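Report on one structure; see the data block that follows.
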Amino acid sequence: MACKQWSTSHSGDQGFALCDVMNKDNLDEEIIAVSCSSEADSAFDAVIGCIEDIFMEDQFQQLRGDFMEKYYLEFDGLDENKLSYTSIFNEYVGLLEKHLEQKLMERIPNFNMNTFTELLMQHKDEVQGDIFDTLLTFTDFLAFKEMFLDYKADREGGGQGLVVTALPAASSH
Numbered sequence: 001m002a003c004k005q006w007s008t009s010h011s012g013d014q015g016f017a018l019c020d021v022m023n024k025d026n027l028d029e030e031i032i033a034v035s036c037s038s039e040a041d042s043a044f045d046a047v048i049g050c051i052e053d054i055f056m057e058d059q060f061q062q063l064r065g066d067f068m069e070k071y072y073l074e075f076d077g078l079d080e081n082k083l084s085y086t087s088i089f090n091e092y093v094g095l096l097e098k099h100l101e102q103k104l105m106e107r108i109p110n111f112n113m114n115t116f117t118e119l120l121m122q123h124k125d126e127v128q129g130d131i132f133d134t135l136l137t138f139t140d141f142l143a144f145k146e147m148f149l150d151y152k153a154d155r156e157g158g159g160q161g162l163v164v165t166a167l168p169a170a171s172s173h
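No gaps in the numbering here: position 43 of the sequence shown is 43 in the UniProt record's numbering, and each next residue is one more.
Right, here's the structure in full:
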């Protein structure tokens, strides 16, 4: 997916808007932000498309897979969280969110992760589940922990969704 050039600005009551800037020399960003709700929606969709592309790239998959492989044994399903989870979470955010932000900034000049995060919360019902769930692991510790518990269950064979039941013994009458 080709990413277009987008600009961010603040627009009063409407919060933040992402707008397509066609000709920066002749346009004022505040005016654009107020008058481009459909353009802002299109811009948001384009950013989500870029994120989807980045998540599918081998480099992101490798970073995430290596990270999870390194730490999955640390996690257990107990309600009480270990102190080590905090440092693992911070390392995860530092590695993967920064990677995502860097890739987005390469593809979308003037991209701002804080602005996007606010927009994401406003449009969360419109974002595909897997993409939103992955983005949520950058900001929500419980989603992060659940991701690790799911990964651990899959690695240890407990995440297959299989239920084994014994068949009753056949009678020999």
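Quick reminder that beta carbons are idealized off the backbone N, C-alpha and C, glycines included.
Computed from a prediction, not measured in an experiment: that's the story for all the values here.
Which residue wins for smallest C-alpha separation from residue i, given the options the options?
{"i": "F111", "options": "A43, T137 and E80", "result": "A43"}
{"i": "F67", "options": "L78, D45 and G94", "result": "G94"}
{"i": "Y71", "options": "N90, T139 and E97", "result": "N90"}
{"i": "E52", "options": "S38, G129, D154 and R155", "result": "G129"}
{"i": "L96", "options": "D133, M56 and R64", "result": "R64"}
{"i": "F60", "options": "Q122, Y92 and T139", "result": "Y92"}
{"i": "K98", "options": "D125, T139, E69 and Q122", "result": "T139"}
Express the C-alpha separation of residue j and residue i in angstroms, rounding to a whole number.
{"i": "K82", "j": "L100", "result": "27 angstroms"}
{"i": "Y151", "j": "L78", "result": "16 angstroms"}
{"i": "A40", "j": "F141", "result": "29 angstroms"}
{"i": "R155", "j": "D45", "result": "34 angstroms"}
{"i": "S87", "j": "S38", "result": "40 angstroms"}
{"i": "K124", "j": "E57", "result": "23 angstroms"}
{"i": "G157", "j": "E80", "result": "24 angstroms"}
Please return the same chain residues whose Cβ sits closer than 7 angstroms to the Cβ of residue i, not counting the five positions on each side in sequence.
{"i": "F116", "result": "V47"}
{"i": "F75", "result": "K145, F148, L149 and K152"}
Apart from the five residues just before and just after residue i, which ones in its own chain have a Cβ nearer than 8 angstroms to its Cβ?
{"i": "V127", "result": "I48, L120 and L135"}
{"i": "I131", "result": "I48, I51, E52 and F55"}
{"i": "S84", "result": "E74"}
Who are the near neighbours of residue i in its chain, counting only those whose CB is closer than 6 angstroms to its CB and skipping five residues on each side?
{"i": "M113", "result": "E101"}
{"i": "D133", "result": "none"}
Between which two residues does the alpha helix (DSSP H) holding residue i run?
{"i": "E91", "result": "S84 to Y92"}
{"i": "K70", "result": "D58 to Y71"}
{"i": "I131", "result": "G129 to L136"}
{"i": "T139", "result": "No alpha helix (DSSP H) contains T139, which DSSP labels as neither H nor E."}
{"i": "N110", "result": "Element bounds for N110: n/a, residue is neither H nor E."}
Check whether the Cβ of residue i lies closer than 6 angstroms to any heavy atom of the ligand MG, and answer yes or no.
{"i": "F60", "result": "Annotation note on the ligand MG: not contained in the displayed structure, which lists no ligands."}
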